[in-house]
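Heads up, the thing below is written out as structure tokens.
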Amino acid sequence: MGLLESIRTLTWCQLLAGSFFALFSAWYFYTGDQLLALVYLSGCLVLLVHLLPDPLLSSDKRQTLTLLAFFLYTLVTLVLLITPEHYLSLTQLSLHLAFPYLAFSLLPFRPALLLVLGFALLANLLAMLHLEGSLRVTFLAALWLVTLMTSVYSFTHQLRQQNLKNRLNRDLHSGLFNRRQLHDDLVKEQQRAQREGTALGLLQLEQEAGQPWTTKQLTELSQCFAPFERIYSLSTQALIVLLPLGDKSQLQVRQEQVGTELPWARIHACNCAPDAQPTSLLAAVQAGNQKDPGA
Amino acid sequence: MRRAFSQQQRRVTASLYLVLGLGMGLLATQVYLSGYYQAILLPALLTPILLGLGLLRWQTSSHLPYDPAAVTALICLGVFLLIQPETLSGFTHWHFAGLFYPLIAFYLLPNTASLALSLLLLSGLLVLRLDSLGLADQLVFCLQYLLLLTSAWLYGLSSRLKTRKLEKLTGQDAITGLLNAEHLQSRLHAEVARSRATQRPLALLLIELHQFPLVREELGPASADAFLQETSQLTLNTCRTGDEAFRLDELTLLLLLPNTTINGALVLRERLYHRLLHEVICELGPLDTTITPLVLQPGEKSEALWQRIGDSCYHTLSERVDDQLAPTP
Numbered sequence: 187m188g189l190l191e192s193i194r195t196l197t198w199c200q201l202l203a204g205s206f207f208a209l210f211s212a213w214y215f216y217t218g219d220q221l222l223a224l225v226y227l228s229g230c231l232v233l234l235v236h237l238l239p240d241p242l243l244s245s246d247k248r249q250t251l252t253l254l255a256f257f258l259y260t261l262v263t264l265v266l267l268i269t270p271e272h273y274l275s276l277t278q279l280s281l282h283l284a285f286p287y288l289a290f291s292l293l294p295f296r297p298a299l300l301l302v303l304g305f306a307l308l309a310n311l312l313a314m315l316h317l318e319g320s321l322r323v324t325f326l327a328a329l330w331l332v333t334l335m336t337s338v339y340s341f342t343h344q345l346r347q348q349n350l351k352n353r354l355n356r357d358l359h360s361g362l363f364n365r366r367q368l369h370d371d372l373v374k375e376q377q378r379a380q381r382e383g384t385a386l387g388l389l390q391l392e393q394e395a396g397q398p399w400t401t402k403q404l405t406e407l408s409q410c411f412a413p414f415e416r417i418y419s420l421s422t423q424a425l426i427v428l429l430p431l432g433d434k435s436q437l438q439v440r441q442e443q444v445g446t447e448l449p450w451a452r453i454h455a456c457n458c459a460p461d462a463q464p465t466s467l468l469a470a471v472q473a474g475n476q477k478d479p480g481a
Numbered sequence: 007m008r009r010a011f012s013q014q015q016r017r018v019t020a021s022l023y024l025v026l027g028l029g030m031g032l033l034a035t036q037v038y039l040s041g042y043y044q045a046i047l048l049p050a051l052l053t054p055i056l057l058g059l060g061l062l063r064w065q066t067s068s069h070l071p072y073d074p075a076a077v078t079a080l081i082c083l084g085v086f087l088l089i090q091p092e093t094l095s096g097f098t099h100w101h102f103a104g105l106f107y108p109l110i111a112f113y114l115l116p117n118t119a120s121l122a123l124s125l126l127l128l129s130g131l132l133v134l135r136l137d138s139l140g141l142a143d144q145l146v147f148c149l150q151y152l153l154l155l156t157s158a159w160l161y162g163l164s165s166r167l168k169t170r171k172l173e174k175l176t177g178q179d180a181i182t183g184l185l186n187a188e189h190l191q192s193r194l195h196a197e198v199a200r201s202r203a204t205q206r207p208l209a210l211l212l213i214e215l216h217q218f219p220l221v222r223e224e225l226g227p228a229s230a231d232a233f234l235q236e237t238s239q240l241t242l243n244t245c246r247t248g249d250e251a252f253r254l255d256e257l258t259l260l261l262l263l264p265n266t267t268i269n270g271a272l273v274l275r276e277r278l279y280h281r282l283l284h285e286v287i288c289e290l291g292p293l294d295t296t297i298t299p300l301v302l303q304p305g306e307k308s309e310a311l312w313q314r315i316g317d318s319c320y321h322t323l324s325e326r327v328d329d330q331l332a333p334t335p
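If you're matching them up, the sequences are chains A and B in order.
So in our numbering the end of the first sequence lands on 481, straight run, no missing numbers.
So in our numbering the end of the second sequence lands on 335, straight run, no missing numbers.
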């Protein structure tokens, strides 16, 4: 399954789960069981917040709202273990088994892990107080098995994701090459310029207002450069362009061309000496130094 | 790193089989002690099977898309849930264990297989276990089962998707550490444009390791990965300054050689071929490799060059010939 197809399936899956929660909420509301209706409604709310499109909800707000909705869901799910008409029904208790699955799929790893472990401990305590005999054993065994299974599985995925993040060569937000790739390419391009007897220039681009770059601006900007003039994201405000040049004098010309095409951008430029260190080159271009730092 | 990750996942799965096996063992003991001998057969039979699967997965991994151990474990559990005589205090315990099933299925198997097995079990439960319930109760059970099934599906999909997105963004092949085919496409586009702008030549070397599928089949994925790593490391060491190495597909590496003519590519090809032949140890015999040089033609675009790279691979020749021979509708 391709990446895009997986994203679509995930959205459909969230919609499906949300619909089941909504259906159950309506059913229990109809039968007069307000507490269960509230449990399923809060579950539906968690999924709904997650499904709202980006323009309606910023990433930070979405995260806060998901956390709030999840806290509500956690509380009302735990209340089920206090009321006798609910804790004696294993169908309703099975909802507790879905808790770690929902938490790990909808929340970031750390809050999800804290919530899942807290929930399992509280549910364990309440089950010890209210359930008896084989019912208690079955419930607790299933609860802890699911909790441990999902926690360890999510933890291994989290480790893998952390390792991958350390190896990323692109910025997660803009999709441009990142600082790590810039360092690698800078060294390679310096060596190549030396081998081919050509020059290498660096351009730093910032917005006049110091604002972060928008997707539209990045698209417009990428059209000003040739495919071999690679753009790197240094921070949310600053971009670096690596310019392979025939000779050093071309840098000034290229800087003026870019300045004409992007009048709203603040541009600094510097020539790269073959033996200059990447960090000193970046410092030089940030200082707007026109001189050759390695010279 | 990828291998370490799959090893961790494998150990978690193995622990799950072991826990299930121990659970079955405890149930068999309880049934034996309570003297209800009709119910001892399945738990006693499934205990060694699940423990065996646990030990097997602890030691070795499966490279098949549908792990036979997982399929066996899920079938065992399904059979147990459907035909085990009732020994516990109430019917709802089976009911509850049935609801637990899709959560395990989605954890162990890819989506399609786990969906199929879970739905099969639901229909089995409805026919064999829940037939005495009223329609409303059956409906509530089915919907609750489907709700748990979608939650587990959501969990499996979202964890795999996050990892896959990051894998895509790294631009590196997980086994060799070389840049991957997607990165190659963008680099090729850039290098073709640069070659045209600077009027300098651009060459490529396609390195095909024909024994790779056989090594994997005969000696296992770990040996195949080690063989590939050794070859790619040697290829990297033979590269000149400014050259870049990529993994094009399963058994093909590609060297991008900027500012290099066909003669330069041929010299590098000879040097690389001799080093590979003398230094790479393949346990299946002398190294079987072809190294094909390609040069950017005047006026050729990156898309055309990409097509020519695909057409120059020997290992896809039979597929291409079949495509050519297939009758057009």
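C-beta: ideal position from N, C-alpha, C; glycine also.
Where residue 212 of chain B sits in the DSSP three-state scheme:
strand
Under three-state DSSP, which class holds residue 464 of chain A?
helix
Whole-angstrom C-beta distance between residue 144 of chain B and residue 153 of chain B, which should lie under 8 Å
Not confirmed; about 15 Å, so no contact.
Sequence-distant residues of its chain with Cβ nearer than 7 Å to residue 103 of chain B (five each side left out):
87
For residue 248 of chain B, return the contacting residues in chain C, with the cut-off set at a CB-CB distance below 8 Å.
No chain C is part of this structure, whose protein chains are labelled A and B.
Rounded to a whole number of angstroms, what is the C-alpha to C-alpha distance between residue 320 of chain B and residue 295 of chain B?
10 Å
Got a sec, what are the start and stop residues for the alpha helix (DSSP H) residue 258 of chain B sits in?
Where residue 258 of chain B is concerned, there is no enclosing alpha helix (DSSP H), although the beta strand (DSSP E) it sits in stretches over 258–264.
Quick one: Cα of residue 197 of chain A to Cα of residue 120 of chain B, how far?
19 Å
Cβ of residue 193 of chain A less than 8 Å from any chain B Cβ?
yes
Can you tell me which of the three DSSP states residue 421 of chain A falls into?
coil
Going by the beta-carbon positions, is the gap between residue 212 of chain B and residue 315 of chain B smaller than 8 Å?
yes
Buried or exposed (CB count within 10 angstroms, at least 16 for buried), residue 306 of chain A:
buried
So which residues of chain B does residue 351 of chain A contact, with C-beta pairs closer than 7 Å?
172
Backbone secondary structure at residue 181 of chain B - three-state DSSP:
coil
Could you tell me the alpha carbon to alpha carbon distance between residue 381 of chain A and residue 416 of chain A, rounded to whole angstroms?
20 Å
May I ask you to report which of helix, strand or coil DSSP gives residue 208 of chain A?
helix
Between residue 59 of chain B and residue 23 of chain B, how many whole angstroms is the CB-CB distance? I'm expecting something under 8 Å.
4 Å
Chain A contact residues for residue 196 of chain B, given Cβ-Cβ distances below 9 Å:
412, 413, 414, 415, 416
Can you pull the chain A neighbours of residue 200 of chain B, defined as C-beta to C-beta under 7 Å?
414, 430
Using DSSP with H/G/I as helix, E/B as strand and the rest coil, what is residue 188 of chain B?
helix
Looking only at its chain, what residues have a beta carbon closer than 6 Å to the beta carbon of residue 228 of chain A, apart from the 5 residues adjacent to it on each side?
258, 259, 262
Let me know if residue 280 of chain B comes out buried or exposed under the rule of 16 or more other beta-carbons within 10 Å of its beta-carbon.
exposed
With 9 Å as the C-beta to C-beta threshold (strictly closer), list the residues of the stretch 311–336 of chain A near chain B in chain order.
319, 320, 321, 324, 325, 327, 328, 331, 332, 334, 335, 336
heavy atom of the ligand FAD below 7 Å from residue 442 of chain A C-beta:
Annotation note on the ligand FAD: not contained in the displayed structure, which lists no ligands.
Alpha helix (DSSP H) runs wholly inside the stretch 9–69 of chain B, at least 4 long, in chain order
47–65
From the DSSP output, in three-state form, read off residue 336 of chain B for me.
This structure leaves residue 336 of chain B out entirely; chain B is present only between 7 and 335.
Min CB distance residue 265 of chain A to chain B below 8 Å
no
Go through its chain and collect everything with a Cβ distance to residue 214 of chain B's Cβ below 7 Å, but skip five positions before and after it.
257, 258, 295, 296, 319, 320, 321
Over what stretch of residues does the beta strand (DSSP E) that includes residue 349 of chain A continue unbroken?
Run containing residue 349 of chain A: none in the beta strand (DSSP E); it sits in the alpha helix (DSSP H), 319–353.
Selection from B:157, B:77, B:242 that minimises the alpha carbon distance to residue 123 of chain B
B:77
What residue range is occupied by the uninterrupted alpha helix (DSSP H) comprising residue 446 of chain A?
436–447
Below 8 Å, can you find three or more Cβ-Cβ pairs linking the stretch 441–461 of chain A to the stretch 384–400 of chain A?
yes
Hey, residue 347 of chain A and residue 172 of chain B: beta-carbon distance below 8 Å or not?
yes
Local conformation of residue 309 of chain A per DSSP, three classes
helix
Closer than 8 Å to chain A by CB, residue 159 of chain B:
yes
Quick one: using the 10 Å Cβ neighbour count with 16 as the cut-off for buried, is residue 340 of chain A buried or exposed?
buried
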